[in-house]
Amino acid sequence: MTLRGRLLLAQAPLALALVLVGVVAVVTLGRVGRSGQEILQDNYRSVLAMQRMTEHLERMDSAALFIVAGERQRGEAQQAVQRPKLEAELRVQEANLTEKGEASATQRLREAWTRYVTRYDALLALSDREAAREHYFESLSPAFSEAKAAASAILDLNQDAMARKSDAQRRLSQRVNALTGVAVLAAFLVGLFASTSLTHRALRPVSVLSQAVQRIGQGDLAVRAVVEGQDEIAQLGQEFNAMAERLQRYRQSSLGELLQAQAASQAAIDSLPDPVLVFGADGALLNVNRAAEDVLRMPMGAEGDPLARAAPEVREVLERVRLHMLEGKGAYQPRGYEEAVRVSSSEGDRWLLPRGSPVYAESGEVAGATVILQDVTRLRRFDELKNDLVATVAHEFRTPLTSLRMAIHLCAEGVVGPVTEKQADLLSAAQEDCGRLQGIVDDLLDLSRIQSGQLTLNLRRVTALELVEGALGTHRVAAEDRGVRLLQEISPEAEELEVDPERVQLVLSNLVGNGVRHTPSGGEVLVRVTREGARVRFEVRDTGEGIPPEEQARIFEKFYRAPGAPAGGAGLGLSIARDIVQAHGGQLGVVSAPGQGSTFWFALPQPASSAS
Ligand code: ADP
1 MTLRGRLLLA
11 QAPLALALVL
21 VGVVAVVTLG
31 RVGRSGQEIL
41 QDNYRSVLAM
51 QRMTEHLERM
61 DSAALFIVAG
71 ERQRGEAQQA
81 VQRPKLEAEL
91 RVQEANLTEK
101 GEASATQRLR
111 EAWTRYVTRY
121 DALLALSDRE
131 AAREHYFESL
141 SPAFSEAKAA
151 ASAILDLNQD
161 AMARKSDAQR
171 RLSQRVNALT
181 GVAVLAAFLV
191 GLFASTSLTH
201 RALRPVSVLS
211 QAVQRIGQGD
221 LAVRAVVEGQ
231 DEIAQLGQEF
241 NAMAERLQRY
251 RQSSLGELLQ
261 AQAASQAAID
271 SLPDPVLVFG
281 ADGALLNVNR
291 AAEDVLRMPM
301 GAEGDPLARA
311 APEVREVLER
321 VRLHMLEGKG
331 AYQPRGYEEA
341 VRVSSSEGDR
351 WLLPRGSPVY
361 AESGEVAGAT
371 VILQDVTRLR
381 RFDELKNDLV
391 ATVAHEFRTP
401 LTSLRMAIHL
411 CAEGVVGPVT
421 EKQADLLSAA
431 QEDCGRLQGI
441 VDDLLDLSRI
451 QSGQLTLNLR
461 RVTALELVEG
471 ALGTHRVAAE
481 DRGVRLLQEI
491 SPEAEELEVD
501 PERVQLVLSN
511 LVGNGVRHTP
521 SGGEVLVRVT
531 REGARVRFEV
541 RDTGEGIPPE
551 EQARIFEKFY
561 RAPGAPAGGA
571 GLGLSIARDI
581 VQAHGGQLGV
591 VSAPGQGSTF
601 WFALPQPASS
611 AS
């Protein structure tokens with residue numbers, strides 16, 4: 001049965017009760033009405049007939065009195081009018097015998113009437129007034145009283161019946177009222193109960209379904225709605241069960257895949273020998289691999305923030321790298337091995353170099369960050385070894401080189417004896433090579449000093465002009481030899497600076513030297529100094545061959561020389577320049593393209609006072 005059918009059926013008891021009550025009411029009211037009508041019809045007719053009969057009797061009596069009084073004509077006329085009327089009323093009464101005893105009373109009335117009429121006729125026959133008077137009082141008047149009394153008896157009989165019936169009627173209507181009330185109440189209660197229970201039964205599947213929906217909402221996908229039948233709700237229940245089935249299967253499969261993918265990625269990061277940390281967008285630590293737990297001694301499962309257990313310097317580095325990425329600055333690349341942080345472990349100290357890559361959400365926002373701490377202990381040891389070697393070599397080279405230069409100088413000057421022209425040429429070449437060697441040794445010494453952290457800046461106020469002149473001065477001869485013009489452009493706001501003049505001059509000199517060396521004859525090298533807010537910006541622009549993009553990152557590395565670069569350097573100049581600029585808290589970079597020349601620039605922060 002359909003739901004609509006059931007709901008209609010549930011209304012049926014109430015409707016039935018209504019019909020029942022209606023029928024009862026109609027029947028009883030009909031009965032009450034009919035008995036009321038009976039009173040009117042049966043008794044009222046008799047009452048009316050008797051009243052009229054009495055009236056006509058009175059008139060006939062007065063007509064008799066007229067005759068006795070000598071008004072014979074008038075009396076005869078009057079009685080002739082009344083007589084048929086009386087006869088008619090009597091017949092009406094004879095045809096309407098309803099009450100017990102009424103028939104005999106009517107019989108008596110007929111007899112009294114007949115007697116009265118007979119005697120009346122006798123009166124009419126008497127022509128003597130005296131005899132008529134006598135007849136009236138002795139014979140007619142008693143008959144009149146008798147007839148009147150008989151009519152009155154019938155009247156009383158009917159009036160009594162009326163009173164009795166009206167009483168019965170009243171009692172009946174009271175009973176009917178009470179009965180109707182009881183019937184209405186009973187019908188209402190039974191109908192209501194039946195309708196409620198039927199409605200409840202019809203709608204029970206809905207509550208079963210709603211409970212199932214609730215449970216699904218709470219995440220219990222195993223729940224099914226048990227709804228029997230073929231109606232709309234049963235169909236809905238079947239659809240619902242099918243949906244729950246599909247949901248459960250989907251969750252099982254996607255959960256399985258997800259767990260598998262998670263296990264795979266966890267295994268992948270666990271297999272890395274270097275610590276890996278994964279941060280969420282809010283900066284909270286989400287995951288670490290086994291190496292991180294071991295090396296940084298921060299087990300993930302333990303209570304509290306695992307980061308809090310890491311060494312302070314590790315925390316500081318992680319914080320910096322994490323912020324770099326979460327602020328949207330892209331992947332984090334360390335500048336060099338000096339950024340490595342030391343972590344002591346049971347196998348001795350380890351050096352970890354931080355690298356980071358942001359995790360992007362579908363919308364392109366940064367959704368998190370992964371930080372890998374690359375173990376560079378061995379590489380750093382090599383680096384230290386290299387630095388030691390550089391320092392030792394440079395130091396050990398200096399003294400012999402000085403005496404070598406001195407000796408060559410003395411020979412060339414002819415102090416130790418005459419020199420032939422050929423010898424002089426050779427000595428001059430040797431002197432030049434010694435000079436270049438001295439330059440390399442000086443670079444190496446600078447580098448080893450800078451690398452060993454001995455680079456203490458000696459800040460002083462100088463004019464930009466002094467610095468630029470000093471840097472250009474050392475390369476004037478070489479530039480003239482190559483046919484390269486040296487130019488300078490100092491903006492008025494950048495005239496006075498506060499820097500370490502010797503170091504900045506060394507940086508400028510390295511850049512200008514490179515420019516001159518890489519610029520063909522007819523080209524130019526321009527040094528510009530400008531002010532950029534709280535910084536002063538130096539630019540060395542040449543019109544040389546330019547640097548291909550893939551080289552640009554590497555040229556700042558120590559000992560790196562581009563393939564085919566002109567002889568003379570050891571690949572240290574730019575590395576030293578960068579270290580000096582960074583020690584000033586500044587930045588250094590290059591803008592270049594092959595065939596377009598190169599512009600090396602560096603910017604140094606300036607104290608506010610020198611801005612004026
Ligand atoms: P070097 O002392 O050997 O020049 P640098 O560190 O100064 O070492 O430079 C590293 C490399 O950068 C050089 O070998 C050269 O190839 C490249 N380079 C530096 N300056 C320029 C320039 N102005 N134009 C083209 N290449 C340059």
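Taking UniProt numbering, the leading residue of the sequence shown gets 1, the next gets one more, and so forth. We treat Cβ as the ideally placed atom computed from N, Cα and C, and that holds for glycine.
A contact is defined here as three or more CB-CB pairs under 8 Å, and the region 65 to 78 fails this definition with respect to the region 97 to 111. Within 10 angstroms of the beta-carbon of V416 lie fewer than 16 other beta-carbons, which makes it exposed.
In this structure, R561 has its beta carbon less than 7 Å from a heavy atom of the ligand ADP. Counted as a single uninterrupted DSSP element, the stretch harbouring Y136 is not any alpha helix (DSSP H), since DSSP gives it neither H nor E.
The Cβ neighbour count for V540, taken over all protein chains shown within 10 Å, is at least 16; the residue is labelled buried.
The three-state reading of DSSP puts E495 in coil, since its state is none of H, G, I, E or B. Closest by C-alpha distance to T98, out of L486, M162, R204 and V288, is M162. Less than 8 Å separates the beta-carbon of G515 from that of G544. About 6 Å separates the CB atoms of L455 and R449; that is less than 8 Å, so the two are in contact. About 5 Å separates the CB atoms of E89 and R52; that is less than 8 Å, so the two are in contact. If you look at R309, you'll find it isn't in any alpha helix (DSSP H); DSSP assigns it neither H nor E.
Under a 10 Å Cβ-count criterion, T370 is classified as buried, with 16 or more other Cβ atoms of the shown protein chains found around its own Cβ. Within the model, the alpha-carbon separation for W601 versus V591 is close to 8 Å. When DSSP states are grouped into helix, strand and coil, T98 belongs to the coil group. R45 is the residue among V117, A122, R74 and R45 whose C-alpha sits nearest the C-alpha of V92. Secondary structure at D282: coil, using DSSP grouped into helix, strand and coil. Secondary structure within the region 433 to 497: the beta strand (DSSP E) runs of 3 or more consecutive residues, fully enclosed, are 460 to 463 and 485 to 490 (chain order). With a 10 Å radius around the Cβ and a threshold of 16 neighbouring Cβ atoms, V462 comes out buried. Distance from the Cα of S509 is smallest, within the candidate group A478, A367, R482 and S491, for A478. The alpha-carbon of A391 is positioned some 14 Å away from that of K558. Between the ligand ADP and L508, a heavy atom-to-CB distance of less than 7 Å is absent.
Nearest C-alpha to E365 among L326, E130, R398 and R309: L326.
Contact between the region 113 to 126 and the region 144 to 164 is present: 3 or more CB-CB pairs across the two stretches fall below 8 Å.
A contact between stretches requires three or more CB pairs, one per stretch, nearer than 8 Å, and the region 127 to 146 fails this requirement with the region 23 to 40.
Contact check for R528 against L604 fails: the beta carbons are separated by 8 Å or more. In this structure, D425 has its beta carbon at no less than 7 Å from each heavy atom of the ligand ADP. In this structure, A183 sits near V21, with a CB-CB distance shorter than 8 Å.
Distance from the C-beta of G569 to the nearest heavy atom of the ligand ADP is below 7 Å. Shortest gap from the CB of S448 to any heavy atom of the ligand ADP: 7 Å or more. If you check the C-beta of E545 against the ligand ADP, you find a heavy atom less than 7 Å away. In the assembly as shown, S344 is an exposed residue. Its beta-carbon has fewer than 16 other beta-carbons within 10 Å. Measuring C-alpha to C-alpha distances from Q333 to each of D294, E313 and L373 identifies L373 as the nearest.
The C-alpha of A583 lies about 16 Å from the C-alpha of R537. Spanning the alpha carbons of T399 and H409 requires a straight line of approximately 15 Å.
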